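To convert, count from 1 in the sequence shown and add 696; that's the working numbering. Using N, Cα and C, we set each Cβ at its ideal position, and we do this for glycine too. Please read these numbers as outputs of a predicted model, since none were measured by experiment. Note sheet for the following structure.
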Amino acid sequence: MQPITTFSGTCVVLPIENIDTDQIIPARFLTAIDKSGMGDHLFADWRYDEQGAPRPGFALNRPETQGAQILIAGHNFGCGSSREHAPWALQGYGFKAVISTYFADIFRNNALKVGLLPIMVEPAAYEQLVGMCTAQPATALTVDLAAQQVRLPGGTAIEFPIDAFAKYCLLNGVDQLGFLLSQAETIAEYEAQHPARVATA
697 MQPITTFSGT CVVLPIENID TDQIIPARFL TAIDKSGMGD HLFADWRYDE QGAPRPGFAL
757 NRPETQGAQI LIAGHNFGCG SSREHAPWAL QGYGFKAVIS TYFADIFRNN ALKVGLLPIM
817 VEPAAYEQLV GMCTAQPATA LTVDLAAQQV RLPGGTAIEF PIDAFAKYCL LNGVDQLGFL
877 LSQAETIAEY EAQHPARVAT A
């Protein structure tokens, strides 16, 4: 997993509430068992027409949003199923972070585990970001994970919360298993000081 520290990028604004995981990536694309190609199917039913051609009006298909690294989505993003493919698809497209006023718990946890940063902000800050990035699509935001800030042009900083363990893993580019393996020596020392079995009767 690549570490996330500080990065700057433009945004795709998709301020639709209650976007569920079946809209993020429809179930018919879940036959794969790895991340390869998931980005091609991101928002497939909104992004492509019945013949598979891109819909020109959809946010991801507009020329000004190409190369964006941040998705500004509506409230309650990622609700629905527990599919891990949803953050995979967002990552595969090229997003490093999603900003919303609220994330469904399972989606948020899945995103953190695969290295996609879910940034939850207050409604007033959200409205500011939506207004700015809609009016000026070339606006680049800077995400500073260590400081837990989204910085806007001009110096305004928006704070965001994140679980301390998830933050450590993202900053260091390790997932939960990677962190556990890094503690192997400490675990072995602990086990050596305790009996292999505990009498319970």
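Coarse secondary structure for residue i, derived from DSSP in three states
i	result
A834	coil
G827	helix
Y798	coil
Q872	helix
P783	helix
P759	helix
P750	strand
D745	coil
D736	helix
R893	coil
K863	helix
L726	coil
G850	coil
Inter-residue Cα distance where the pair is residue i and residue j
i	j	result
P699	T896	44 angstroms
T727	Y789	18 angstroms
I721	E887	43 angstroms
C865	M828	31 angstroms
N772	E713	6 angstroms
T706	P833	7 angstroms
I715	G774	6 angstroms
V826	L738	21 angstroms
Cβ separation of residue i and residue j, assumed to be a contact under 8 angstroms, to the nearest whole Å
i	j	result
T717	F803	7 angstroms
P711	I795	So it is not a contact: roughly 10 angstroms between Cβ atoms.
A755	V708	5 angstroms
I766	L837	6 angstroms
L867	A843	The Cβ separation is near 11 angstroms, so there is no contact.
Strand pairing of residue i, partner residues [DSSP]
i	result
A769	L710
T702	D840
A793	I766 and L813
Q845	D840 and E855
C775	D716
Residue i - containing alpha helix (DSSP H), residue span
i	result
Q879	That residue, Q879, is in no alpha helix (DSSP H); it is neither H nor E in DSSP.
D667	The requested residue 667 is not part of the displayed model; the chain covers only 697 to 897.
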